[in-house]
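One structure below.
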Amino acid sequence: MTIQTLAGGPYRCALVIRPTDGVDDDLLTEIADATGLNFALYGHGGFGGESTATVYTAGDDLLMEVVCDETDAKALFVRARSAEHAAAIRNVIAARRPFWNEPTLRARLEENLHEQPRALVALLMATGGAPPEPETAELLQRALDHDAEEVRNAAEYARLVATELVHPVLVQKAQPKPELEPILRPARPVDDERHWITVRAGVPERAVPRPVTWLRTPFDDPDEAVFWAAARACWILLAVDDRDGTGWHEEIFSEPRGYRTALHIVRHPAVDKVHLALHGDAADTTATELVRDLGAEVLAGPPAGWERTAP
Numbered sequence: 028m029t030i031q032t033l034a035g036g037p038y039r040c041a042l043v044i045r046p047t048d049g050v051d052d053d054l055l056t057e058i059a060d061a062t063g064l065n066f067a068l069y070g071h072g073g074f075g076g077e078s079t080a081t082v083y084t085a086g087d088d089l090l091m092e093v094v095c096d097e098t099d100a101k102a103l104f105v106r107a108r109s110a111e112h113a114a115a116i117r118n119v120i121a122a123r124r125p126f127w128n129e130p131t132l133r134a135r136l137e138e139n140l141h142e143q144p145r146a147l148v149a150l151l152m153a154t155g156g157a158p159p160e161p162e163t164a165e166l167l168q169r170a171l172d173h174d175a176e177e178v179r180n181a182a183e184y185a186r187l188v189a190t191e192l193v194h195p196v197l198v199q200k201a202q203p204k205p206e207l208e209p210i211l212r213p214a215r216p217v218d219d220e221r222h223w224i225t226v227r228a229g230v231p232e233r234a235v236p237r238p239v240t241w242l243r244t245p246f247d248d249p250d251e252a253v254f255w256a257a258a259r260a261c262w263i264l265l266a267v268d269d270r271d272g273t274g275w276h277e278e279i280f281s282e283p284r285g286y287r288t289a290l291h292i293v294r295h296p297a298v299d300k301v302h303l304a305l306h307g308d309a310a311d312t313t314a315t316e317l318v319r320d321l322g323a324e325v326l327a328g329p330p331a332g333w334e335r336t337a338p
């Protein structure tokens, strides 16, 4: 694992955004149109303590999605080689995202500092690691001297976060995802940890882009179907999904010569018995073998109640 230090350009700015917002392809495209800078994901890291960063680079310029885990405050940081680029990137973000800058956050805190002192973190994140405006520094000092312990503690924590954000970001470079076998690819690429197809309900972006043959087995444990696929048919395990805590279990096998057919072995508490889903060149012949060898029953489509397997 290699950690790199990226300083970015000397011109710094930031906008605080909603926790649910962030950098996406549309935002990067608009920034490219406005500035000629083609930002791409570089990696993930942080500033050595209280915050994490997803880092995008275009040459020496940085665009960072920075999150303080303790307060959920999120901001988009810009560190550019020129003031013009920094301003242009900031303007694109402001046009596409609800945002708060230093003056607006400060005005809110001036009125009710004692009610939401943790917002001091967002205020100092709005500096982007640049020196705060004098009014912000004065407000922070008032918070540090406040009568209420809660306000003083929040101010100390905000000062700690701000002290870290002045530094270059430490980044672990993102590794490219291994290319999926064609049989596992959705109709369009999915930007997610689980980027392969699934037969689970409620995940349309990862739906199988070809006809699917469904079968119901007579057993509750997927191990029998797994044994058939791995030991009897000598198929290869390509993907597993069983980590979301809902009881969903899906294993995807494919025949080793060309990966032209896929077998999904699936189980969920909402539907009794293990079910199988086949697609690809040999779906029909494989279904016949599963009926013969495992006593499976071919269905007209997904089993009744399958919609309850949705995440």
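Per the numbering used here, numbering of the sequence shown is gapless, rising by one per residue and ending at 338.
Glycine is no exception: its CB is placed at the ideal position from the N, C-alpha and C atoms.
In this text, all values refer to a predicted model and were calculated from it rather than measured experimentally.
(request) Just tell me which of Ala41, Ala289, Arg284 has its CA closest to the CA of glutamate 278. (result) Of the residues Ala41, Ala289, Arg284, the one whose Cα lies closest to the Cα of glutamate 278 is Ala289.
(request) Rounded to whole angstroms, what's the CA-CA distance from leucine 166 to histidine 173? Just pull it up for me. (result) If you take the alpha carbons of leucine 166 and histidine 173, they lie about 10 Å apart.
(request) To the nearest angstrom, report how far apart aspartate 359 and serine 281 are at their CA atoms. (result) The shown model of the chain, from 28 to 338, leaves out residue 359, and the question about it has no answer.
(message) By alpha-carbon positions, which one of Cys95, Arg221, Ala121, His194 ends up nearest to arginine 106?
(response) Nearest C-alpha to arginine 106: His194.
(request) Measure how close the beta-carbons of glutamine 31 and valine 198 come, nearest whole angstrom, since I'm counting them as under 8 Å. (result) About 5 Å separates the CB atoms of glutamine 31 and valine 198; that is less than 8 Å, so the two are in contact.
(message) Taking only three categories from DSSP, how would you classify leucine 89?
(response) Strand.
(message) Rounded to whole angstroms, what is the Cα-Cα separation between aspartate 99 and aspartate 268?
(response) C-alpha of aspartate 99 to C-alpha of aspartate 268: approximately 28 Å in a straight line.
(message) Restricting to Cα atoms, I'd like to know which of Asp88, Pro330, Asp247 is closest to glutamate 111.
(response) Measuring from the Cα of glutamate 111, the nearest candidate turns out to be Asp88.
(request) Given a cut-off of 8 Å, decide if histidine 306 and proline 238 are closer than it, judged by their beta-carbon atoms. (result) Taking 8 Å as the Cβ cut-off, proline 238 and histidine 306 qualify as a contacting pair.
(request) Specify the secondary structure class of tyrosine 184 as computed by DSSP and reduced to three states. (result) The three-state reading of DSSP puts tyrosine 184 in helix, counting H, G and I together.
(message) If we require 4 or more residues per run, which alpha helix (DSSP H) segments fall completely within the region 159-214?
(response) The alpha helix (DSSP H) runs lying completely inside the region 159-214 and spanning 4 residues or more are 161-171, 176-192, given in chain order.
(message) Going by DSSP in three states, phenylalanine 126 sits in which element: helix, strand or coil?
(response) Here phenylalanine 126 sits in strand by DSSP.
(request) Could you pull the start and end residues of the alpha helix (DSSP H) that valine 253 belongs to? (result) Note, valine 253: alpha helix (DSSP H), 250-254.
(request) List the endpoints of the continuous alpha helix (DSSP H) containing arginine 106. (result) Where arginine 106 is concerned, there is no enclosing alpha helix (DSSP H), although the beta strand (DSSP E) around it starts and stops at 101-107.
(message) With the cut-off set at 8 Å, would you say threonine 29 and lysine 200 are in Cβ contact?
(response) In this structure, threonine 29 lies near lysine 200, with their beta-carbon atoms less than 8 Å apart.
(request) For the beta strand (DSSP E) containing glutamate 278, list its first residue and its last residue. (result) 276-281 is the span of the beta strand (DSSP E), which, as asked, contains glutamate 278.
(request) Please confirm whether alanine 41 and alanine 170 have their CB atoms less than 8 Å apart. (result) When the beta-carbon positions are compared, alanine 41 and alanine 170 stay at least 8 Å from each other.
(request) Report the rounded CA-to-CA distance for arginine 215 versus alanine 234, giving the unit in angstroms. (result) Taking the straight line from one Cα to the other gives about 10 Å.
(request) Below 8 Å CB to CB, which residues in the same chain sit around histidine 222 once its five sequence neighbours on both sides are set aside? (result) Lys204, Leu207, Pro213, Pro216, Arg233.
(request) Please look up how many angstroms separate the CB atoms of tyrosine 38 and alanine 121, rounded, as I've assumed it's under 8 Å. (result) No, tyrosine 38 and alanine 121 are not in contact; Cβ-Cβ is about 16 Å, not under 8 Å.
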